[in-house]
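*Asks:* For the protein sequence lines, the chains are S and C, in the order given. Quick note on this note's numbering: the first sequence kicks off at 1228 and runs consecutively. Quick note on this note's numbering: the second sequence kicks off at 2 and runs consecutively. Cβ atoms here follow ideal geometry from the backbone N, Cα and C, with glycine treated the same way. Below is a structure I'd like to ask you about.
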Amino acid sequence: MTTIQIDHVSRWFGNVVAVNDITMTIGPGVTGLLGPNGAGKSTLINMMGGFLAPSGGTVTLDGRTVWRNESIYRHIGIVPEREAMYDFLTGREFVVANAELHGLGKDAARRALATVEMEYAQDRRISTYSKGMRQRVKMASALVHDPSVLLLDEPFNGMDPRQRMQLMDLLRRMGAEGRTVLFSSHILEEVEQLASHIEVVVAGRHAASGDFRKIRRLMTDRPHRYLVRSTDDRALAAALIADPSTAGIEVDLQEGALRIQAVDFPRFTALLPRVARDHGIRLLTVSPSDESLESVFSYLVAA
Amino acid sequence: MSATSSVRPDPSPAPAAGPSPVPSVFNPTVARLTYRALLGRRRALILFALPALLIVISVAVRALAGADDSTANGVLGTFALATMVPLIGVIAGTGAIGPEIDDGSVVYLLAKPLRRSSVIFTKLVVAIGVTAAFSAVPVLIAGFILNGNSQQIAVAYAVAAAVASVAYSALFLFFGTVSRHAVVFGLVYALVWETLFGNLVPGARTLSVQQWALAIGQKIGAEGAITSEVGLPLAVVLLVAVTGLATWYAGRKLRSLTVAGEE
């Protein structure tokens, strides 16, 4: 049982704050680190893996400082996002080298390659591997010393669905065995399928923490904003505001459109076309104005 | 960082994984990865091309001008020691670590319970080995071709090249840990500083690996065969100091190597 403790950690690069006063605890099981691109996920993972010093705060592994402490790598396995990995070696040579660097032998390498089901291609050069195969060999290199913590930075990037499922199965197994598995992703569905616990990071801040149901609810319950143009904006507005699924409507004279804030997303999407039909109004434009992932996340920050 | 830094060998709460790391300073696995990477790159072609060029020149000179000590001195001093050795040093020294840091694969070496200083030391040994193999050995052969080691010139230059290999490797390995443009720095040092400034500004010669190596060559060669701008004791002190400092600092640098993400 190993726990990573992130305590009031900040990290800035020059004037840019990448991580802003984050405190979280990552315990055994699979945790998903969710956030849009550029939110600071990689920065956080790099600090947890000892490859970046926090500008403030501390990152500890069972109470031991991670930064500049080579001995923690006995307990941590890292799967970096970057592709480069001694492409001139075969998969087997690469994993054996990783085992040796831990003071282990070929048996450990063989076990790790079997765990990721890569024996069939272990004697091919890494340069000939597909993205998914590379990812699995990276996993093998991280698992070779049977670590209690596994850190993975965007492990599903560029994988096809089958490879994705295989890796998810593997990570689930690792989590079930009591390892502390942390992976980052910017895709909610990915995190939801795999992680029992989710940490959301947006713009360097810790936006939400909890199980995926709670996060999912926060995401779907948020007010949705729409921009609607019709043949009779005011009549449409009057009819919509009578329904509790609509929280507010603004008549934007400049745009010649309605700005609608809906609170009950499924109900509102059913209501709008029905109301329009019943009142003989034609809908010209219906466009969600805040559907981007970033706006979903920034809503979470405020929640 | 202040707070909770207890790096005691405490009763570890985390499960022990494998035996404790090999405390040795030289790591054979790091060495194997380093030399395979070094000799596998396209850059390595220069490692073969330069010595080949030296041998070709030597054969041509010998055939055209016959065996002559001062010609041998000229070829080995200006082409071999002043140009070829530093260039090979740049390729082997920066190439032993620079590309790994650049592409991020160094993470696989660093995310291990290994002392960073032993990673640097091992890479230094490999860089020295490669530089010496591709410079000192061809220099010795070229020397024998040029004048049959008369006045000990071949041996003296070969030893000087080997000594220079050590200092260049350490220096350029250090460059490799501090800058992404290590090769450029290395080339500027090797060609502009050592070759150009060394010849124009007398003071610059005191701070030249080439001159320090020559001081050792001077001692080995026959009286007056080889000359250096620097006295032997000073040369030895500077060689040891530069090699030691560069290695120490490279290890330090690697210890706090930051792998920034794409963000």
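Can you give me the start and stop residues for the alpha helix (DSSP H) that C/F176 sits inside?
*Replies:* For the purposes of this step, residue 176 of chain C is taken as residue 175 along the second sequence, with counting starting at 1. I154 to V179 is the span of the alpha helix (DSSP H), which, as asked, contains C/F176.
*Asks:* Using 8 Å as the limit for Cβ to Cβ distance, is S/Y1356 near chain C?
*Replies:* Counting from one through the first sequence, the residue named residue 1356 of chain S turns up at place 129. Output row for S/Y1356: interface = no.
*Asks:* So what does S/D1234 bridge to, in DSSP terms?
*Replies:* As a first step, residue 1234 of chain S must be located in the first sequence, where it is residue number 7. Partner(s): S/T1285.
*Asks:* Look at the Cβ atom of C/T265, then the Cβ atom of C/F173, and state whether they are nearer than 8 Å.
*Replies:* As shown, chain C starts at 2 and ends at 264. That puts residue 265 of chain C outside it, with no answer to give.
*Asks:* Nearest chain S C-beta to C/V23 closer than 8 Å, yes or no?
*Replies:* The residue labelled residue 23 of chain C in the question sits at position 22 within the second sequence. Here C/V23 scores only 48 on pLDDT, less than 50, and its place in the model should not be relied on; the value that follows carries that caveat. True, the Cβ-Cβ gap to chain S drops below 8 Å.
*Asks:* Which bits of chain C does S/E1327 rub up against, with CB to CB less than 7 Å?
*Replies:* Translated into the one-based positions of the first sequence, residue 1327 of chain S becomes position 100. Simply T30.
*Asks:* Measuring straight from C-alpha to C-alpha, what distance separates S/H1235 and S/G1254?
*Replies:* Here residue 1235 of chain S refers to the residue found at position 8 of the first sequence. Here residue 1254 of chain S refers to the residue found at position 27 of the first sequence. Each residue's alpha carbon lies about 17 Å from the other.
*Asks:* Can S/H1451 and S/P1515 be called in contact, C-beta distance under 8 Å?
*Replies:* Position 224 of the first sequence, counting from 1, holds the residue named residue 1451 of chain S. Position 288 of the first sequence, counting from 1, holds the residue named residue 1515 of chain S. In this structure, S/P1515 lies closer than 8 Å to S/H1451 by Cβ.
*Asks:* Buried or exposed: which applies to S/Q1481, given that a residue is buried once 16 or more other Cβ atoms fall within 10 Å of its Cβ?
*Replies:* Position 254 of the first sequence, counted from the first residue, corresponds to residue 1481 of chain S. Per the 10 Å Cβ criterion, exposed.
*Asks:* When we look at the beta-carbon of S/P1386 and count the other beta-carbons within 10 Å, is it buried (16 or more) or exposed?
*Replies:* In the first sequence, residue 1386 of chain S corresponds to position 159, counting from 1. In the sequence under discussion, the amino acid at residue 1386 of chain S is Met, which differs from the Pro named in the question. So S/M1386 ends up on the buried side.
*Asks:* Please list, in chain order, the residues of the segment 67-99 of chain C that have any C-beta partner in chain S closer than 9 Å.
*Replies:* Within the segment 67-99 of chain C, no residue qualifies.
*Asks:* Taking C-beta to C-beta, are S/N1247 and S/R1432 nearer than 8 Å?
*Replies:* Along the first sequence, read from residue 1 onward, the residue named residue 1247 of chain S stands at position 20. Along the first sequence, read from residue 1 onward, the residue named residue 1432 of chain S stands at position 205. Cβ distance < 8 Å, so S/N1247 and S/R1432 count as in contact.
*Asks:* What are the partner residues of S/I1303, as DSSP defines its beta bridges?
*Replies:* For this step, residue 1303 of chain S is matched to residue 76 along the first sequence. Per DSSP, S/V1376.
*Asks:* Would you say S/N1273 lies against chain C (beta-carbon separation less than 8 Å)?
*Replies:* Start at 1 with the first residue of the first sequence, and residue 1273 of chain S comes out as number 46. Chain C contact via Cβ: present.
*Asks:* Is DSSP giving S/Y1453 helix, strand or coil here?
*Replies:* The sequence position of residue 1453 of chain S within the first sequence is 226, counting from 1. The answer is strand: DSSP assigns S/Y1453 an E or B state.
*Asks:* The beta strand (DSSP E) that contains S/E1346, what's its start and end?
*Replies:* Within the first sequence, residue 1346 of chain S is the residue found at index 119, counting from 1. Element bounds for S/E1346: n/a, residue is neither H nor E.
*Asks:* Pairs of beta-carbons, one from the segment 1421-1436 of chain S and one from the segment 1470-1484 of chain S, closer than 8 Å: are there three or more?
*Replies:* As far as the Cβ criterion goes, the segment 1421-1436 of chain S does not touch the segment 1470-1484 of chain S, which means the pair count is below three.
*Asks:* Give, in chain order, every unbroken run of the beta strand (DSSP E) that is at least 3 residues long and sits entirely within the segment 181-206 of chain C.
*Replies:* Whole beta strand (DSSP E) segments, 3+ residues: zero.
*Asks:* Do you know whose CA, among S/R1449, S/G1265, S/V1343 and S/T1292, lies nearest S/V1243's CA?
*Replies:* For this step, residue 1243 of chain S is matched to residue 16 along the first sequence. For S/V1243, the nearest C-alpha among the options comes from S/G1265.
*Asks:* By the criterion of Cβ-Cβ separation under 7 Å, what are the contact partners of S/P1307 in chain C?
*Replies:* As a first step, residue 1307 of chain S must be located in the first sequence, where it is residue number 80. Chain C residues near S/P1307: G105 and V108.
*Asks:* Use the C-beta contact count for S/F1278: other C-beta atoms within 10 angstroms, 16 or more gives buried, fewer gives exposed.
*Replies:* The count along the first sequence starts at 1 and reaches residue 1278 of chain S at position 51. By the 10 Å Cβ count, S/F1278 comes out buried.
*Asks:* Along the segment 36-61 of chain C, what residues have a CB closer than 8 Å to any CB found in chain S?
*Replies:* Cβ contacts with chain S: R37, A38 and G41.
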